[in-house]
Amino acid sequence: MNYRRLGQSGLSVSEIGFGAWGIGGLTPGATSYGQTDDDESRRTLLMAMDEGINFFDTSPAYGAGHSETLIGQTLASRREKIVVATKGGCENFSQGIDFSSAALKRSLERSLWRLRTDYVDLFQLHSPPVQVIRESDELKRLVEDWLSEGQIRAFGVSVESPEDGLLALQHLSVDALQVNFNLVDQRALECGLFEAAAEKGVSIIARTPLCFGFLSGNIGEDQKFDHSDQRSRWSREQVTVWARAIETFSTGTDDQEARSSAQLALAFCLAFDQVATVIPGMMNETEVCENAAAARLGKLSAHHMTELRRIYTKNEFFVASDKPKAEMQ
1 MNYRRLGQSG
11 LSVSEIGFGA
21 WGIGGLTPGA
31 TSYGQTDDDE
41 SRRTLLMAMD
51 EGINFFDTSP
61 AYGAGHSETL
71 IGQTLASRRE
81 KIVVATKGGC
91 ENFSQGIDFS
101 SAALKRSLER
111 SLWRLRTDYV
121 DLFQLHSPPV
131 QVIRESDELK
141 RLVEDWLSEG
151 QIRAFGVSVE
161 SPEDGLLALQ
171 HLSVDALQVN
181 FNLVDQRALE
191 CGLFEAAAEK
201 GVSIIARTPL
211 CFGFLSGNIG
221 EDQKFDHSDQ
231 RSRWSREQVT
241 VWARAIETFS
251 TGTDDQEARS
261 SAQLALAFCL
271 AFDQVATVIP
281 GMMNETEVCE
291 NAAAARLGKL
301 SAHHMTELRR
311 IYTKNEFFVA
321 SDKPKAEMQ
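Residue numbers (this note's numbering): 1 to 329.
Right, here's the structure in full:
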């Protein structure tokens, strides 16, 4: 495994991180990735550590706290070897958001208890509205207190859109921005977020690097999702476009390395120096091993990257009515 610096925090994070929404299990409505088995989730977390993965991204909203609980139960004894990132402002997908100082304090206290730790390495705002980002004086004081007290080691924002990331760079002092970025969603590049973040020494955490699993090559265009799966919200047209996408990228380029579909998608994200880590969801040990191997296969060539960018610009990978749904995270 290779490691990169997370902004100016002094933290070193694995290029392949662990997106822990999926292991949270079922939550009301289409807000999860379906039923999970906790024993399998624990084995998956341990395998991730064995593969050199040290960055684990979670939230109170993932499984209504269950994702954090599993990480705490499984990895607390190895706390000094891992970098734990959690979030605040959205405690539960079925309830409203609250970014007040009082609510964020309660959220962090509960997260620390579930994670069985007395500090969080990276605390992120979870999809804050733009007014929260703009009117941030009280928030800044809270974060400064947490940093000085050692309750958190770094601060970031998990933004709904790349444009929100640009706003966060203007109004907040952050170490990292978490944003959707993958082969079929390169808006963060197009709007200048990567360049602006680099100028401020802020790292990008690439969320949905496999586009909700579609870039793994394991989801067919006829795939039907359970009503509890958040991907069931998307139209049949969007599912078809994304299911076909990885073939478009794989057949349109000449890759000298024997990469799987998922490994190609992860390698694309990691080709950008601004990206500190990618956080694909991992539900079993097989997925962990495949994803972790992507870091060992080397960088894509400049020619290959040019071809991947060309394919992206010549195709439309979003169905207009479904674009807002891709921001859920």
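Here a beta-carbon is modelled for each residue, glycine too, at the ideal position from N, C-alpha and C.
**Asked** Which same chain residues, not among the five before or five after arginine 184, have their C-beta less than 6 angstroms away from its C-beta?
**Response** Residue mapping note: residue 184 aligns to position 184 of the sequence shown, counting from 1. Residue identity check: residue 184 is valine in the sequence provided, not arginine. So the list reads Cys211, Ala245, Phe317, once near-sequence residues are dropped.
**Rounded separation between isoleucine 204 and alanine 197 - CA only** = Here residue 204 is taken as the residue at index 204 of the sequence shown, counted from 1. Here residue 197 is taken as the residue at index 197 of the sequence shown, counted from 1. Those two C-alpha atoms are separated by around 8 angstroms.
**Message:** Just to confirm my understanding: we take alanine 76, look at its own chain, exclude 5 residues before and 5 after, and list those with CB closer than 8 angstroms. What are they?
**Reply:** Against the sequence shown, residue 76 aligns to sequence position 76. Closer than 8 angstroms at the Cβ level, and outside the excluded window around alanine 76, lie Leu115, Arg116, Thr117.
**Request:** Please go through the same chain and pick out, in chain order, the residues whose beta-carbon is closer than 8 angstroms to the beta-carbon of lysine 140, but skip the five residues on each side of it.
**Result:** Locating residue 140 in the sequence shown gives position 140, where the first residue counts as 1. Contacts found: Leu172, Ser173.
**Message:** Check for me: the alpha helix (DSSP H) holding asparagine 291 runs from which residue to which?
**Reply:** For the purposes of this step, residue 291 is taken as the residue at position 291 of the sequence shown. Looking at the DSSP string, the run of the alpha helix (DSSP H) that includes asparagine 291 is 285-293.
**Prompt:** In chain order, what residues of the same chain lie with their CB nearer than 7 angstroms to the CB of glycine 25, ignoring the 5 residues before and after it?
**Reply:** In the sequence shown, the residue the question calls residue 25 occupies position 25. Once the five neighbours on either side are set aside, the close Cβ partners of glycine 25 are Ser32, Gln35, Thr36, Gly63, His66.
**Message:** Quick test of your reading: glutamine 8 and glycine 201, contact by CB under 8 angstroms. State the CB separation rounded to the nearest angstrom.
**Reply:** Counted from its first residue, the sequence shown places residue 8 at position 8. Counted from its first residue, the sequence shown places residue 201 at position 201. Their Cβ separation, rounded to whole angstroms, is 5 angstroms, which keeps glutamine 8 and glycine 201 in contact under 8 angstroms.
**Asked** Tell me, which residues are paired with asparagine 315 by DSSP?
**Response** The residue you call residue 315 lines up with position 315 of the sequence shown. None, per the DSSP bridge assignment.
**Asked** Three or more beta-carbon pairs under 8 angstroms between the region 215-228 and the region 297-308, yes or no?
**Response** no
**Request:** Would you decide whether asparagine 2 is buried or exposed? Buried here means 16 or more other CB atoms lie within 10 Å of its CB.
**Result:** The sequence position of residue 2 within the sequence shown is 2, counting from 1. It is exposed - the Cβ of asparagine 2 has fewer than 16 other Cβ atoms within 10 Å.
**Asked** Do valine 275 and phenylalanine 18 have their C-beta atoms within less than 9 angstroms of each other?
**Response** Counting from 1 along the sequence shown, the entry for residue 275 is found at position 275. Counting from 1 along the sequence shown, the entry for residue 18 is found at position 18. No, they are not a contact pair.
**Prompt:** Rounded to the nearest angstrom, how far is the Cβ of glutamate 15 from that of alanine 265, given a contact under 8 angstroms?
**Reply:** For the purposes of this step, residue 15 is taken as the residue at position 15 of the sequence shown. For the purposes of this step, residue 265 is taken as the residue at position 265 of the sequence shown. Incorrect: roughly 13 angstroms between the Cβ atoms, too far for contact.
**Request:** Output the distance between the C-alpha atoms of tryptophan 113 and methionine 282, rounded to the nearest integer angstrom.
**Result:** Position 113 of the sequence shown, counted from the first residue, corresponds to residue 113. Position 282 of the sequence shown, counted from the first residue, corresponds to residue 282. The alpha-carbon atoms of tryptophan 113 and methionine 282 are separated by roughly 24 angstroms.
**Request:** Going by DSSP, name the residue or residues bridged to alanine 188.
**Result:** Reading the sequence shown from its first residue, position 188 is the one you call residue 188. Note: alanine 188 sits in no beta bridge, so no partner.
**Item:** Rounded separation between alanine 243 and glutamate 237 - CA only
**Value:** For this step, residue 243 is matched to residue 243 along the sequence shown. For this step, residue 237 is matched to residue 237 along the sequence shown. Using only the alpha carbons, I get a separation of about 10 angstroms.
**Nearest candidate by alpha-carbon position, reference valine 130, set Glu160, Cys191, Thr86, Arg207** = Counted from its first residue, the sequence shown places residue 130 at position 130. Among Glu160, Cys191, Thr86, Arg207, the Cα nearest to that of valine 130 belongs to Glu160.
**Prompt:** lysine 87 bridges to which residues according to DSSP?
**Reply:** Counted from its first residue, the sequence shown places residue 87 at position 87. Answer is Gln124.
**Item:** Collapsed DSSP secondary structure at phenylalanine 268 in the structure displayed
**Value:** As a first step, residue 268 is located in the sequence shown; it is residue number 268 there, counting from the start. Residue state, collapsed to three classes: helix.
**Message:** For alanine 85, tell me which candidate among Gly220, Leu108, Phe99 has the shortest Cα-Cα distance.
**Reply:** Within the sequence shown, residue 85 is the residue found at index 85, counting from 1. When each option's Cα is compared against that of alanine 85, the closest is Leu108.
**Item:** Minimum C-alpha distance to leucine 215 - residue among Thr306, Phe93, Val241
**Value:** Against the sequence shown, residue 215 aligns to sequence position 215. Minimum Cα distance to leucine 215 is reached at Val241.
**Prompt:** From phenylalanine 268 to asparagine 182, what does the alpha carbon distance come to, in whole angstroms?
**Reply:** Taking the sequence shown and counting its residues from 1, the one referred to as residue 268 is at position 268. Taking the sequence shown and counting its residues from 1, the one referred to as residue 182 is at position 182. Taking the straight line joining both Cα atoms gives about 8 angstroms.
**From Glu195, Arg231, Thr248, Gly220, residue whose alpha carbon lies closest to that of threonine 208** = Residue numbering aside, residue 208 sits at position 208 when the sequence shown is read from its first letter. Out of Glu195, Arg231, Thr248, Gly220, Arg231 has the C-alpha closest to the C-alpha of threonine 208.
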